[in-house]
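Report on the following structure.
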Amino acid sequence: MNRKMFLQKIAGVLISLPIISVLGCLSSDDAPTPTTDPDPLGNCDNGTTATNISSNHGHSLAVSAADVQSGAEKTYTIQGSSGHDHSVTLTATNFTTLGNGQSLGVTSTAGVGHTHSVTVTCA
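Written out as structure tokens, the structure is:
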């Protein structure tokens, strides 16, 4: 393999990596309307965890117990180890739901052409 062929192959790999990354994000689930689950799942003394992020590829969300107790609307980034970011906003009503031991669903902001449905549950 000569230098020209080597450089062409490297360029092809470098060009295809971002495309593959974006294609992995294109298949997003239809975002459900945010709802609450009437079955209690725990208390929020230890904060919350995102139990499910649809079509996930490295995103994560953790909400502190102090945020739940405060009850003030707050926006969180869910980038995690993903190469791009999304945000989710939890409202005062959402924090009341979590404080009552119920899970809830929210939809992230759009990023790289897709959104994620995020289920938040007390830890």
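With the sequence shown counted from 1, adding 13 to any position gets you my numbering. No residue lacks a Cβ here, since even glycine has one placed at the ideal position from N, Cα and C.
Cα-Cα separation between residue i and residue j, rounded to whole angstroms
{"i": "ALA75", "j": "THR102", "result": "12 Å"}
{"i": "GLY84", "j": "GLN21", "result": "55 Å"}
{"i": "ALA136", "j": "GLY126", "result": "31 Å"}
{"i": "VAL133", "j": "VAL119", "result": "8 Å"}
{"i": "ASP80", "j": "GLY71", "result": "23 Å"}
{"i": "THR49", "j": "SER73", "result": "Confidence at THR49 is low in this model, with a pLDDT of 47, below 50, so the placement of that residue should be treated as unreliable; the coordinate-derived value is given next. So the two alpha carbons sit approximately 20 Å from each other."}
{"i": "ASN107", "j": "SER77", "result": "14 Å"}
{"i": "ASN59", "j": "SER116", "result": "14 Å"}
{"i": "HIS99", "j": "ARG16", "result": "41 Å"}
Residue closest to residue i, alpha-carbon to alpha-carbon, out of the options
{"i": "GLY114", "options": "MET18, ARG16, GLN82, GLY96", "result": "GLN82"}
{"i": "VAL131", "options": "THR61, ILE23, GLY96", "result": "THR61"}
{"i": "GLY124", "options": "ASN59, HIS97, GLU86", "result": "HIS97"}
{"i": "CYS57", "options": "THR122, GLY112, SER116, ILE66", "result": "GLY112"}
{"i": "THR90", "options": "SER67, SER77, THR122", "result": "THR122"}
DSSP beta-bridge partners of residue i
{"i": "THR120", "result": "SER130"}
{"i": "ALA105", "result": "Bridge partners of ALA105: none, in fact."}
{"i": "ASN65", "result": "THR132"}
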